[in-house]
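Okay, structure first, notes after.
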Amino acid sequence: MTSAPSRPVLCVDAVHRLVDQWRAALARRAPVEELLPHLANGLLVDLPGRIVRGTQDFRHWYGQSGGQAALCDDRPGADEVRVRVVSPVHAQVTLQDPGSPPDAPAPLARQTWWVVLQDGVPRIRTMAFHQPAPQPA
Numbered sequence: 010m011t012s013a014p015s016r017p018v019l020c021v022d023a024v025h026r027l028v029d030q031w032r033a034a035l036a037r038r039a040p041v042e043e044l045l046p047h048l049a050n051g052l053l054v055d056l057p058g059r060i061v062r063g064t065q066d067f068r069h070w071y072g073q074s075g076g077q078a079a080l081c082d083d084r085p086g087a088d089e090v091r092v093r094v095v096s097p098v099h100a101q102v103t104l105q106d107p108g109s110p111p112d113a114p115a116p117l118a119r120q121t122w123w124v125v126l127q128d129g130v131p132r133i134r135t136m137a138f139h140q141p142a143p144q145p146a
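Add 9 to a position in the sequence shown, counting from 1, and you land on the number used in this note's numbering.
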């Protein structure tokens, strides 16, 4: 009797490593070539005022328009990172600024990512950046 080969499964630790590697690369201002292997086919980056689609668009945006500043938090590791594996090949990641007091009137800045297992490696498929709405004076 032979058994079917086991398929790779996305795990929380692997997703945390991806988040750490991504943020470390941004913190050291890595060239786009170091970031591209962390991105999945079908990439979508939803930024305030701009949507980046695919790795070619990402390459252009990151290199030509100072995209690194939009992605990078100058406080690497400062955000609260929550990972929820939702299938054997999909995970949702939430990065949220823990710095505001609980009674703050504005919601906290956060990022939501979808990570997929592609070619046996976790990669970022989508990133959405949510900024707090300006509060009336």
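All residues carry an ideal CB built from backbone N, CA and C; glycine is no exception.
Collapsed DSSP secondary structure at residue i in the structure displayed
i, result
"LEU19", "coil"
"ASN50", "strand"
"ARG119", "strand"
"GLN101", "strand"
"GLN140", "coil"
"ARG37", "coil"
"ASP29", "helix"
"ASP66", "helix"
"ARG84", "With a pLDDT of only 47 at ARG84, under 50, the local geometry of the prediction cannot be trusted, and the value read off the model is given with reservation. If DSSP states are grouped into helix, strand and coil, ARG84 belongs with coil."
Residue i classed as buried or exposed, judged by whether at least 16 other C-beta atoms fall within 10 angstroms
i, result
"ALA49", "buried"
"GLN140", "exposed"
"ARG32", "buried"
"ASP88", "buried"
"PRO97", "exposed"
"PRO17", "exposed"
"VAL21", "exposed"
"PRO131", "buried"
"VAL54", "buried"
"ILE133", "buried"
"VAL95", "exposed"
Proximal residues to residue i (C-beta, below 8 Å), its chain only, five neighbours per side dropped
i, result
"ARG68", "VAL41 and LEU45"
7 Å CB neighbourhood of residue i in its chain, flanking five on each side removed
i, result
"THR64", "LEU45, LEU48 and LEU52"
"VAL28", "VAL90 and VAL102"
"GLN127", "ALA49 and ASN50"
"VAL92", "VAL21, VAL24, HIS25, ALA100 and VAL102"
"GLN105", "ASP88, GLU89, LEU117 and ARG119"
Residues of its chain near residue i, where Cβ-Cβ distance is below 6 Å and the 5 sequence neighbours each way are ignored
i, result
"LEU80", "LEU35"
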